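Participant: The numbering of the sequence shown is numbering that gives the first Met the number 0, which starts it at 0 and goes up by one. All C-beta atoms, glycine included, are put in the ideal place defined by N, C-alpha and C. From a predicted model like this one, the values you see are computed outputs, not experimental measurements.
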Amino acid sequence: MPPAAKKPDPKTPAKANTAGVFEANPKADKVFVTSDEQVFLREDFAKSHAKFLDDKALTTVERDADATEADNAPAE
(Lines of atoms letter the chains of each structure in order from A and count residues from 1; the text may use other names and numbers.)
(Lines give C-alpha, C1' and ligand atoms only; values in the text may rest on other atoms or scores of the structure.)
Protein backbone atom coordinates (compact mmCIF):
# COMPACT_ATOMS: atom_id res chain seq x y z
CA MET A 1 0.00 0.00 0.00
CA PRO A 2 1.52 3.40 -0.95
CA PRO A 3 2.28 5.87 1.82
CA ALA A 4 -0.43 8.40 2.57
CA ALA A 5 0.01 11.79 0.95
CA LYS A 6 1.38 14.43 3.26
CA LYS A 7 -1.38 16.80 4.32
CA PRO A 8 -0.51 20.49 4.17
CA ASP A 9 0.11 22.22 7.47
CA PRO A 10 -2.73 24.73 7.86
CA LYS A 11 -0.37 26.99 9.82
CA THR A 12 1.95 27.37 6.83
CA PRO A 13 0.93 30.41 4.80
CA ALA A 14 0.73 29.91 1.05
CA LYS A 15 3.18 32.76 0.60
CA ALA A 16 5.99 30.68 2.15
CA ASN A 17 5.86 28.27 -0.81
CA THR A 18 5.97 30.93 -3.53
CA ALA A 19 9.37 32.60 -3.08
CA GLY A 20 11.13 30.19 -5.42
CA VAL A 21 8.35 30.47 -8.00
CA PHE A 22 8.68 34.25 -8.16
CA GLU A 23 12.46 33.92 -8.35
CA ALA A 24 12.20 31.46 -11.25
CA ASN A 25 9.50 33.51 -13.00
CA PRO A 26 10.51 37.18 -12.73
CA LYS A 27 7.64 38.37 -14.94
CA ALA A 28 4.95 36.79 -12.73
CA ASP A 29 3.08 39.36 -10.65
CA LYS A 30 0.94 36.80 -8.82
CA VAL A 31 0.54 33.06 -8.40
CA PHE A 32 -2.33 30.82 -7.37
CA VAL A 33 -1.97 28.23 -4.61
CA THR A 34 -4.34 25.30 -4.16
CA SER A 35 -5.26 23.77 -0.82
CA ASP A 36 -2.63 21.03 -1.33
CA GLU A 37 0.02 23.76 -1.69
CA GLN A 38 0.56 23.37 -5.43
CA VAL A 39 1.60 26.70 -6.97
CA PHE A 40 0.38 27.76 -10.42
CA LEU A 41 1.18 30.76 -12.59
CA ARG A 42 -2.24 30.58 -14.25
CA GLU A 43 -5.54 30.70 -12.39
CA ASP A 44 -7.26 28.39 -14.86
CA PHE A 45 -4.64 25.69 -14.26
CA ALA A 46 -5.04 26.07 -10.50
CA LYS A 47 -8.83 25.80 -10.76
CA SER A 48 -8.53 22.73 -12.96
CA HIS A 49 -6.24 21.06 -10.40
CA ALA A 50 -8.49 22.09 -7.49
CA LYS A 51 -11.48 20.29 -9.04
CA PHE A 52 -9.97 17.03 -7.82
CA LEU A 53 -9.37 18.19 -4.24
CA ASP A 54 -11.76 18.07 -1.30
CA ASP A 55 -10.94 21.70 -0.51
CA LYS A 56 -11.28 23.58 -3.78
CA ALA A 57 -10.11 26.92 -2.37
CA LEU A 58 -7.46 28.96 -4.15
CA THR A 59 -5.18 31.52 -2.55
CA THR A 60 -3.83 34.32 -4.71
CA VAL A 61 -0.37 35.48 -3.70
CA GLU A 62 1.00 38.67 -5.21
CA ARG A 63 4.68 39.40 -5.61
CA ASP A 64 5.97 41.45 -2.70
CA ALA A 65 6.82 44.89 -4.14
CA ASP A 66 9.44 45.52 -1.44
CA ALA A 67 11.25 42.28 -2.30
CA THR A 68 11.16 43.12 -6.00
CA GLU A 69 12.71 46.53 -5.38
CA ALA A 70 15.39 44.95 -3.19
CA ASP A 71 16.20 42.42 -5.91
CA ASN A 72 16.64 45.22 -8.46
CA ALA A 73 18.67 47.51 -6.19
CA PRO A 74 22.25 48.11 -7.32
CA ALA A 75 24.92 46.32 -5.35
CA GLU A 76 27.15 48.53 -3.23
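If you follow the beta strand (DSSP E) that Glu61 is in, where does it begin and where does it stop?
Facilitator: As a working note, residue 61 is residue 62 in the sequence shown. From DSSP, the beta strand (DSSP E) with Glu61 extends over Leu57 to Glu61.
Participant: For Lys55, tell me which candidate among Phe44, Pro25 and Lys29 has the shortest Cα-Cα distance.
Facilitator: As a first step, residue 55 is located in the sequence shown; it is residue number 56 there, counting from the start. Nearest of Phe44, Pro25 and Lys29 to Lys55, Cα basis: Phe44.
Participant: For Phe39, does the three-state DSSP call read helix, strand or coil?
Facilitator: Residue mapping note: residue 39 aligns to position 40 of the sequence shown, counting from 1. Phe39: strand per DSSP, three-state reduction.
Participant: Count the other CB atoms, across all protein chains shown, that sit within 10 Å of the CB of Phe21; report buried if there are 16 or more and exposed otherwise.
Facilitator: Translated into positions along the sequence shown, residue 21 becomes position 22. By the 10 Å Cβ count, Phe21 comes out buried.
Participant: Whole-angstrom Cβ separation of Val60 and Lys26, contact assumed at under 8 Å?
Facilitator: For the purposes of this step, residue 60 is taken as the residue at position 61 of the sequence shown. For the purposes of this step, residue 26 is taken as the residue at position 27 of the sequence shown. Contact doesn't hold; Cβ gap of about 15 Å is too wide.
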